[in-house]
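>
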């Protein structure tokens, strides 16, 4: 299936274990397993350079804390668009110590949810079966630009946390000058400095 | 007792939400007394199919059939809900619509 | 009150633009109704019995006079000249056209209003004490905290697709005027032993088909940790709340099924992980919001002679003063409640002309600010005693001077089958009949303090469970019947009412209520309030009087 990762169309190179014996699979394969397979196979999976886990909506993220340090992908599912557990799962994964991988959302996703997913830490979506990949890629960017700032901190800024922007609580523009707490960082703003200038208050 | 087979197709108009009924000329009208009454399963099926087309054409939303007691002059909805839906709120102010259905 | 800055203005405009695009996609056929429905609901747009209905947020029930005038303009231009104030301190318009709603939202945005999160499975409009800032028994202005929560919860990325809707109420006073124990989270300001101010956190209250009084899961939460603690509760609920059954999806069911202890442990564990982090509220941030709610400058005054004289000369004015005025923290001032419950009227409805009259009176006598109560009335919070008589005359002219706050004709009612798609029976006409029956002011005053709440279905939007007398409409083979409960209360002794007996037909409701009131008058001792009589004597005397001793 097609993927949109950070707004770009990419191929899905990941393979599920699908009951195969991992020892028979090329170690260069990007391998996606379930939490049960992960815990059952343990060391036998360590030779894979790229290992990911696919969580069901009811799976608890927190017992995976140690595993997350070596995982390159966590795939989450929305069985229906309004089943929002994936948003909290994404948040917990993104905040887990040492996780630097991809968080992928699959299942029933509405384009109007892309902003919420992105801000919860999701960076990749699996385009629904009937979806036009390019329009989803455009939607990813368009939705990310829709609001110039948000009221609350989120975890969407992980990918460009280059600056030493202090964490803020309640809101606001991207500007580090904003001392207010109810604020946060709208990412995707091309140039935070000039933008901040335009909206300083 | 009315036969349950007497039914009228209703929906809300997409653009403004107004309650409408399907008439015999396949028009969506605001007046309940102008609505087509399905007396057979085939009639009901026909109205359902026409309603589905109207949904696809984005003219109405949420179509459904409801039972009526056919009267000499006009059909009477069996449920209080459809009665109120046809006549407007019963709260006795001048807020309700002046449509004269039911 | 809170005033938008550039950020807030831009944000609300951007949200209105998003909705305009969504409506356009719907009209162009890019979205089916199934796809559009969750999107329109996220902006408070329902499709009801007769038409679309737009629910506009009135954050913690506070309005400026300019905002009230704009609601009047909207009522006139895009609706049918009136609006309906709700039990969640919001306002609903019953007849907007879908194609007009983007323009309505633009118009609202101009006066710092919106319809964000007035529906959907998200954190809804946070409610607060309508007497905030003015009440004599207040610890702190609850609206400061409601505003902080409003900002934090607005388009929260993680909590917009919860198992079910989520309602938060805050109270900062000794008296509980916000029904905190009937909310998903009720926050009650408290002083601890060290004289610090914080929150008691009450979780899992609610009405609906499973009425439950909330449970305190934390006695004292320091203020700066409010948001991290809320986040811990919401995350726990979002991950563990039931999603298999719409009727079991509220947090109250999770709490009941998990057990208070296990639930609290889960919340506290998550809080431990995040406390002290990015959500800790710095003192200057709290002060920034607080500054918006600085009380108006009021000069204490000794009792006004002319006021006392007017009460003597005008019995109607005196009666209105007895029922509609409440103690203000500044001597020589009063909190005025404006009743939206005239005899035979629709509870909570106000015409555009009435909205404008209230806006004018607020400008003249109460610093241009208006509050909405969860009982569906309006409040002018800071009125000088010396102005009360002129204010009252203005209210009389606008037909807004009904003297019945907290009395039997001050009825809470949901829209019911006259407007609502979910209702089983009518609620408004029942309220109208009861208020007409109890229209003699002397009699109503003699009956004394009582709450009478009516819901048109089990979803309990009319708060029937929490009424001293509760009336629930049910459908019996196509006919409207009404179940009567007694002893419910929304205050500190929050209680769910008990069912009196078999339901009565539409035409029997007034008679049944009259019977209950007669029984109360027969068995009360001294000046005992109705609820105290029910608590003392139980429901049996009422049952026997209404149904006989079979």
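Protein chains in written order, with the working numbering: chain A, 899 to 1099; chain B, 10 to 111; chain C, 10 to 559. Each residue gets a CB set at the ideal place from its N, CA and C atoms; glycine is no exception.
Look at the alpha carbon of residue 293 of chain C and the alpha carbon of residue 302 of chain C, and state the distance between them as a whole number of angstroms.
Rounded to the nearest angstrom, the two C-alpha atoms are 15 Å apart.
> Beta carbons nearer than 7 Å to chain A: which residues of the segment 303 to 330 of chain C have them?
Answer set for the segment 303 to 330 of chain C: empty.
> Below 8 Å on the Cβ atoms is my guess for residue 467 of chain C versus residue 440 of chain C; work out the distance and round it to an integer in Å.
About 18 Å separates the two Cβ atoms, so there is no contact after all.
> Can you name the residues of chain C whose CB is closer than 8 Å to the CB of residue 985 of chain A?
The answer, in chain order, is 166, 167, 168, 169, 170, 247.
> Do you know whose CA, among A:1010, A:1029, A:1050, A:1047, lies nearest residue 899 of chain A's CA?
Residue A:1029 is the option with its Cα nearest to residue 899 of chain A.
> Are the CB atoms of residue 74 of chain B and residue 49 of chain B within a distance shorter than 8 Å?
Result no, Cβ atoms of residue 49 of chain B and residue 74 of chain B do not sit closer than 8 Å.
> Does the beta-carbon of residue 525 of chain C have 16 or more other beta-carbons within 10 angstroms, so that it is buried, or is it exposed?
Buried.
> Can you name, in chain order, every residue of its own chain whose Cβ lies under 7 Å from the Cβ of residue 195 of chain C, other than the five neighbours on each side?
Only 178, 189, 211, 214, 223 meet the Cβ criterion.
> Keeping to the same chain, check which residues put their C-beta closer than 7 Å to that of residue 484 of chain C; ignore five residues upstream and five downstream.
So the list reads 433, 434, once near-sequence residues are dropped.
> Candidates C:205, C:257, C:220, C:218: which alpha carbon is nearest residue 233 of chain C's?
Among C:205, C:257, C:220, C:218, the Cα nearest to that of residue 233 of chain C belongs to C:205.
> Assuming residue 456 of chain C and residue 519 of chain C make a contact with CB atoms under 8 Å, what is their CB distance in whole Å?
Not quite, the Cβ-Cβ distance comes to about 14 Å (not below 8 Å), so this is no contact.
> Just to confirm, is the Cβ distance from residue 357 of chain C to residue 93 of chain C under 8 Å?
Cβ distance < 8 Å, so residue 357 of chain C and residue 93 of chain C count as in contact.
> Give the list of continuous beta strand (DSSP E) stretches no shorter than 3 residues that lie fully inside the segment 925 to 949 of chain A.
Complete beta strand (DSSP E) runs here, min 3: 928 to 931.
> By DSSP's criteria, residue 527 of chain C is part of a beta bridge. Which residues make up the other side?
Answer is none; residue 527 of chain C lacks a bridge partner.
> If you compare alpha carbons, which of C:193, C:78, C:227 is closest to residue 201 of chain C?
It is C:227.
> Is there contact between the segment 990 to 1008 of chain A and the segment 267 to 278 of chain C, where contact requires at least three CB pairs shorter than 8 Å?
Result no; under three Cβ-Cβ pairs closer than 8 Å.
> Would you mind working out which of C:429, C:146, C:331 sits nearest residue 470 of chain C, comparing C-alpha positions?
Selected option, being the one with the closest Cα: C:429.
> Comparing C-alpha positions only, which one of C:78, C:413, C:315 sits nearest to residue 346 of chain C?
Nearest of C:78, C:413, C:315 to residue 346 of chain C, Cα basis: C:413.
> Threshold first: 3 residues or longer. Then list the beta strand (DSSP E) segments lying entirely within the segment 305 to 388 of chain C, N to C.
Counting only runs of 3 or more, we get 334 to 336, 342 to 347, 358 to 360, 378 to 381.
> Could you tell me which chain B residues have their CB closer than 8 Å to the CB of residue 106 of chain C, listed as they occur along the chain?
Under the 8 Å cutoff, chain B gives 24, 25, 26.
> Just grab the DSSP bridge partners of residue 422 of chain C for me.
Looking at the DSSP assignment, residue 422 of chain C forms a beta bridge with C:463.
> Any idea if residue 238 of chain C is buried or exposed, counting beta-carbon neighbours within 10 angstroms, 16 or more meaning buried?
Buried, because 16 or more other Cβ atoms sit within 10 Å of the Cβ of residue 238 of chain C.
> Kindly indicate which residue of C:174, C:316, C:207, C:556 has the alpha-carbon position closest to the one of residue 255 of chain C.
Cα-wise, what sits closest to residue 255 of chain C is C:174.
> Using the DSSP secondary-structure output, state which residues sit across from residue 479 of chain C in a beta bridge.
Residue 479 of chain C is bridged to C:462, C:494.
> Going by the CB atoms, is the gap between residue 141 of chain C and residue 181 of chain C shorter than 8 Å?
Going by C-beta atoms, residue 181 of chain C is nearer than 8 Å to residue 141 of chain C.
> CB-CB under 8 Å to residue 901 of chain A, same chain, minus the five flanking residues each way: which ones, in chain order?
Counting only Cβ-Cβ distances below 8 Å, and skipping sequence neighbours, we find 907, 908, 909, 910, 1002, 1022, 1023, 1024, 1025.
> Which residues in chain C have a C-beta closer than 8 Å to the C-beta of residue 100 of chain B? List them in chain order.
Those within 8 Å of residue 100 of chain B in chain C are 355, 427, 437, 438, 441.
> Check whether the Cβ of residue 20 of chain C lies closer than 8 Å to any Cβ atom in chain A.
Chain A contact via Cβ: present.
> Looking only at its own chain, which residues have a Cβ that is under 6 Å from the Cβ of residue 460 of chain C, when we skip the five neighbours before and after it?
Around residue 460 of chain C: 476, 477.
> For residue 280 of chain C, which residues in the same chain have their Cβ closer than 7 Å to its Cβ, ignoring the five residues on either side in sequence?
For residue 280 of chain C, where only same-chain residues beyond five positions count, the Cβ hits under 7 Å are 237, 238, 241.
> Does residue 96 of chain C pass the burial test, meaning 16 or more other C-beta atoms within 10 Å, or should it be called exposed?
Buried.
> Decide if the segment 315 to 332 of chain C is in contact with the segment 119 to 126 of chain C; the criterion is three or more beta carbon pairs, one per stretch, under 8 Å apart.
As far as the Cβ criterion goes, the segment 315 to 332 of chain C does not touch the segment 119 to 126 of chain C, which means the pair count is below three.
> Note down, in chain order, all residues in the segment 1014 to 1029 of chain A with a beta-carbon under 7 Å from any beta-carbon belonging to chain C.
Within the segment 1014 to 1029 of chain A, the residues whose Cβ lies closer than 7 Å to some Cβ of chain C are 1014, 1017, 1018, listed in chain order.
> With residue 168 of chain C as the anchor, note down where its beta strand (DSSP E) starts and where it stops.
Neither: residue 168 of chain C is in no beta strand (DSSP E) and is coded neither H nor E.
> Could you name the residues of chain C that residue 1047 of chain A contacts, counting a contact when the two beta carbons are closer than 8 Å?
Chain C residues near residue 1047 of chain A: 16, 19, 20.
> Is residue 16 of chain B close to chain C, meaning its C-beta is less than 8 Å from at least one C-beta of that chain?
No, its Cβ sits nowhere closer than 8 Å to a Cβ of chain C.
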